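Quick mapping for you: the protein sequence lines, in order, are chains G and S. Mapping of the first sequence onto our numbering: residues 7 to 223, in sequence order. Mapping of the second sequence onto our numbering: residues 7 to 300, in sequence order. Comments concern the structure below.
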Amino acid sequence: MIKFSNVSVDYPYSEGLSNVNVEFKDKEFAFVLGPTGSGKSTLLRLIYMDIYPTNGRVDVKNWSSKKITARKIRKLRRNIGIVFQDFRLIQNLSVFENVALPLIINGYPRKYIKRKVEAILDEIGLLNSLRQKAGTLSKGEAQRVGIARAVVKNPFVILADEPTGNLDPDSSVTVFNLLRKINKLGTAVIMATHDYLLIKDAPNRRILMDNGKILKK
Amino acid sequence: MRSFYILKQTVYNIWSARVPVMIAIITIGISLSVLIGIAEITYKLYSTVEEIRKEFEIDIFLKPETSSFQRAIIERKLKNIHQIKSYKFVSKEDAAKIFFKEFGENIFDILSYNPLPASYKIKLYGKMTHVEIVDNVVKRINKINGVDEVKYHSDLLILMEKYFLIIMIIGGSIIFVLLLAMNIFIRNTIKLSVYSRQSQIFILQLLGSGKIFLKSPFILEGLFEGLIGGFFAAAILYFFHDIAYETAIYLFNYNLKEINYLWGISIAVGGIIGVFASSTSVNKFVRIFAKDDY
């Protein structure tokens, strides 16, 4: 589904990734582990084509970093869910509107959006907060909204970049369990984290990174 | 749902940057009112010059001995000059009547004979009344047998062309500068909005948003500023209409009451400038870079 072939990324003052070869399968839950600056975020950014390899290629389903156009990038991103450490919600919009955004962008009808968003907010326990502005949510709630926004468009993969990095332990567990639940329903999840404690009992594949290199797949 | 979101974001953008938006609207209003005023005056002067060109006449005086047969030949030759729109024969008797009309005295009573020659009054096509073309036509007429003298106001033509050019250059320059100023003001306010929403634009790009969806709130904001600015400009023009009317009559003999569709023109021009300035200023912020762009 996602394949890195001899991928290197050069940043102006450092090496982002060095000759990375890794593959992620359909419906897989994989952790990308490593300290800050090890290249975890670079790896994820390459998947949603926010940056491009200096050498090598990244293939995401039928899209290839070698020949993707701006139009195809949009299409690719409509099929990927992204969860950030800092949530990246639009503060002046309500919880409902934030979660509905991907569907609004895709031009779905109002009734469908309402039904779908309310169902997901119910699932994550935020149905009562649907009119609340995103800027007024707690960090744990904000990240749950971020996950709801990522999952609402039925993506084939969710890329979670340090999703628990800003959360207290309780909220971290809630968010992690939510991601596992989503994965069980058939969506692949690639989670970059350095919270080893949180995932210590999880049976999923771990990809260890350091200094832009993969130490263990 | 998309339209509702776009409208909501537009209103939010405008409300968040209400002071710069207000400044932009006032600037547009003032600039646009001056611009439309100057454009109208320039257009009116242009029309006046064109009117003068249409009325421009060349007088061809015939030799006294010119027979009617010779006149027929002259008329045939005049028809062959394609710059000539029309000609009218003025007999000696007609010339005497014109003299009486203009001076109030009968030429026979003064001189006891009629010395006024028969003539042709020639009108050229409007676009042909330029000094060089007229000189060429006059040269050709002078060569026709039976023609004694050709007269026309070459000094008027020269003056008209000289001042017309100056007016056009000055008017055009002022309009250009004002358009530029309005463009810059709208672009700046839109850029302020865009800068403060860069993270929002980035989020929308990561969600796969298309260019139109990203640009629409900013374009609508520009449209809003342009339309309200245009409305404001029309209001200014009407408010100062009396002063402008007197001034225009005094300085340019120009009747401001002839301004038609002022509200429509002003609001439409404001809207067009608003859309143009905002869509060009927001372009580079909503671009997604593909591999080939690196």
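Beta carbons: idealized from backbone N, C-alpha and C, even for Gly. In this text, all values refer to a predicted model and were calculated from it rather than measured experimentally.
With contacts defined as CB atoms closer than 8 Å, residue 38 of chain G and residue 52 of chain G fail to qualify as a contacting pair.
Within chain S, not a single residue places a beta-carbon under 7 Å from that of residue 150 of chain G; the smallest gap is close to 17 Å. Between residue 215 of chain G and residue 166 of chain G the beta-carbon gap is near 15 Å, outside 8 Å, which marks them as no contact. Taken through DSSP and simplified to helix, strand or coil, residue 48 of chain G comes out as helix.
Within chain G, the residues placing a beta-carbon under 8 Å from that of residue 212 of chain S are 54, 56, 83, 88 and 94, ordered along the chain. Using beta-carbon distances, residue 18 of chain S counts as an interface residue toward chain G, with a partner under 8 Å.
At a cut-off of 8 Å between beta-carbon atoms, residue 174 of chain S makes no contact with chain G. If you draw a straight line from the Cα of residue 30 of chain S to the Cα of residue 42 of chain S, it comes to about 18 Å. DSSP places residue 129 of chain S in the strand class (E or B) of the three-state scheme. Listed along the chain, the chain S residues whose CB falls inside 8 Å of the CB of residue 108 of chain G are 213 and 214. Around residue 24 of chain S, no beta-carbon contact reaches into chain G at under 9 Å, the shortest distance being about 15 Å. By the neighbour-count criterion, in which a residue is buried when 16 or more other Cβ atoms sit within 10 angstroms of its Cβ, residue 158 of chain S is buried.
Look at residue 122 of chain G here: in three-state DSSP terms it is helix. The beta-carbon distance between residue 282 of chain S and residue 204 of chain S, rounded to whole angstroms, is 22 Å. This is too long to meet the 8 Å contact definition. Put simply, the CB of residue 204 of chain S is far from chain G, with every gap to its CB atoms at 8 Å or more. In the structure shown, residue 63 of chain S adopts extended strand secondary structure according to DSSP, grouped into three states.
With contacts defined as CB atoms closer than 8 Å, residue 154 of chain S and residue 69 of chain S qualify as a contacting pair. Under the Cβ criterion (8 Å, minimum of three pairs), the region 118 to 137 of chain G does not count as touching the region 171 to 185 of chain S. Interface flag for residue 219 of chain S against chain G is set, since a Cβ pair is found closer than 8 Å. Looking at S:50, S:92, S:121 and S:231, the one whose alpha-carbon comes closest to that of residue 36 of chain S is S:231. Listed along the chain, the chain S residues whose CB falls inside 8 Å of the CB of residue 160 of chain G amount to none; the nearest CB is some 13 Å away. Among the residues of chain S, those whose CB is under 7 Å from the CB of residue 113 of chain G are 8, following chain order. Spatial neighbours of residue 171 of chain G in its own chain (CB-CB distance under 6 Å, excluding positions within 5 residues in sequence) are listed in chain order as 91. Around residue 164 of chain G, no beta-carbon contact reaches into chain S at under 9 Å, the shortest distance being about 13 Å. Residue pairing from DSSP places residue 166 of chain G in a beta bridge opposite G:89 and G:197. Around residue 209 of chain S, the beta-carbon contacts reaching into chain G at under 7 Å are 94 and 96. Pairing residue 191 of chain G with residue 160 of chain G, the inter-Cα distance amounts to about 10 Å.
Judged by beta-carbon spacing, residue 193 of chain G lies beyond the 8 Å limit of residue 213 of chain G, meaning their Cβ atoms are not closer than that value. Between residue 59 of chain S and residue 113 of chain G, the CB-CB gap reaches or exceeds 8 Å. By the Cβ criterion, the region 180 to 199 of chain S is not in contact with the region 51 to 66 of chain S, since fewer than three pairs of Cβ atoms, one from each stretch, lie closer than 8 Å.
The DSSP assignment places 137 to 148 and 160 to 202 as complete runs of the alpha helix (DSSP H) inside the region 127 to 202 of chain S, in order along the chain (cut-off: 4 residues).
Between the alpha carbons of residue 86 of chain G and residue 94 of chain G lies a distance of about 15 Å. Three or more beta-carbon pairs separated by less than 8 Å link the region 89 to 96 of chain S to the region 121 to 140 of chain S, which places the two stretches in contact. Apart from sequence neighbours up to five positions away, the residues of its chain that approach residue 164 of chain S with a beta-carbon distance below 8 Å are 137, ordered along the chain. Residue environment: residue 147 of chain G is assigned as buried (16 or more neighbouring CB atoms within 10 Å of its CB, all protein chains considered). If you check the CB distance, residue 140 of chain G and residue 88 of chain G do not come in under 8 Å.
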